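The working numbering runs 102 ahead of the 1-based position in the sequence shown.
Each residue gets a CB set at the ideal place from its N, CA and C atoms; glycine is no exception.
All values derive from a computational prediction rather than experimental measurement.
Structure first, commentary second.
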Amino acid sequence: MKSNCIKTVLVAVASMISLSSFSQDLIARQAPIDKKLKSVDSLALHRQIKAEQAEFPAFDLYPNWSNTNVHNYANATVPESYTIDMTGFCMPTTQTRITSPFGPRRRRMHNGLDVKVYVGDTIRSAFDGKVRIVRTERRGYGQYVVIRHDNGLETVYGHLSKQLVKEDQLVKAGEVIGLGGNTGRSTGSHLHFETRFLGIPINPALLFDFPKQDIVADAYTFKKGKTNVRTAAGTYVAAGKDGVIRYHKVRSGDTLSKIANQRGISIDALCKLNRITRRTILRPGQVLRCS
Ligand SMILES: [Zn+2]
103 MKSNCIKTVL VAVASMISLS SFSQDLIARQ APIDKKLKSV DSLALHRQIK AEQAEFPAFD
163 LYPNWSNTNV HNYANATVPE SYTIDMTGFC MPTTQTRITS PFGPRRRRMH NGLDVKVYVG
223 DTIRSAFDGK VRIVRTERRG YGQYVVIRHD NGLETVYGHL SKQLVKEDQL VKAGEVIGLG
283 GNTGRSTGSH LHFETRFLGI PINPALLFDF PKQDIVADAY TFKKGKTNVR TAAGTYVAAG
343 KDGVIRYHKV RSGDTLSKIA NQRGISIDAL CKLNRITRRT ILRPGQVLRC S
């Protein structure tokens, strides 16, 4: 019994020693292979990451992927500041004439830039990305395409005569996505081009110089507006040369005092900014400048 017991213990100890030396040996022998594997792995990994990035552009910024709404990011966390890499761009059209700038129009906000194009003109994706929406809005964008890019931007191409991409399709910068047209709410063929960051429209003229057919700079830093808490669906930010201009989209039930209160501005200042009086009747959908 005793000897048996000792034997077992000895065997156990021996096997432990041999196991540990064996595994150490294994580790030692594996090290250089591991190194080799690592370099192969990092290449494969890099490729994998790139492929995944293409599959989910700007995944860290956007909370969802939807094929329906152009701006549905009420719940998104908007960073205080975000630098958008503009390199690797392609001008959406070779046309250079701006027919309508970004900014508030008489009763509504113009969230994009209008560039004169002719029916059948080639329209190209501004960056690499993934097509999010290919739809038709008879009273709005007409036939339009929305693409999400890995630099954090989403681009919108409106009033097309033909859409040449499908939803969820991966595209490269410069890839043809449609043809210029005059569909939707449009008088005269043109490209309505929007650049949005988490649904917030940025003046495309701050990013793209259509007359010069170039980008304004290699990078654009988006800065969150101080009072721009994106809880109200009608809150817009437009970064101008002199900082941020804020707008309020009137909803039913809104009054001048309510808006003034909400936006931290006096009623008089609000009236002056919008060239209206205290008696002006507000219409839902109307856009008021608040700063
Ligand atoms: Zn437009």
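Residue of the options minimising C-alpha distance to residue i
| i | options | result |
| --- | --- | --- |
| D223 | T198, D230, R207, R208 | T198 |
| A362 | R149, V236, R353, C392 | C392 |
| T196 | F310, K351, R381, R377 | F310 |
| V278 | T297, Q245, P194 | P194 |
| G244 | Y184, L281, A178 | L281 |
| A319 | V267, T185, A371, V273 | T185 |
Helix, strand or coil at residue i according to DSSP, with G and I counted as helix
| i | result |
| --- | --- |
| F229 | coil |
| P206 | strand |
| Q364 | helix |
| D370 | helix |
| A146 | helix |
| R385 | coil |
| L309 | coil |
| E154 | helix |
| L266 | coil |
| L281 | strand |
| T337 | Only weak support is given to the placement of T337: the predicted model assigns it a pLDDT of 41, under 50, and the value that follows is read from those uncertain coordinates. Of the three classes helix, strand and coil, the one that applies to T337 here is strand, per DSSP. |
Distance CB(residue i)-CB(residue j) smaller than 8 Å
| i | j | result |
| --- | --- | --- |
| G214 | F204 | yes |
| V247 | D270 | no |
| T201 | H261 | no |
| I317 | F191 | yes |
| R241 | Y164 | no |
| Y259 | I304 | no |
Exposed unless 16 or more other CB atoms sit within 10 angstroms - verdict on residue i
| i | result |
| --- | --- |
| F312 | buried |
| T285 | buried |
| H148 | exposed |
| G366 | exposed |
| R348 | buried |
| S263 | buried |
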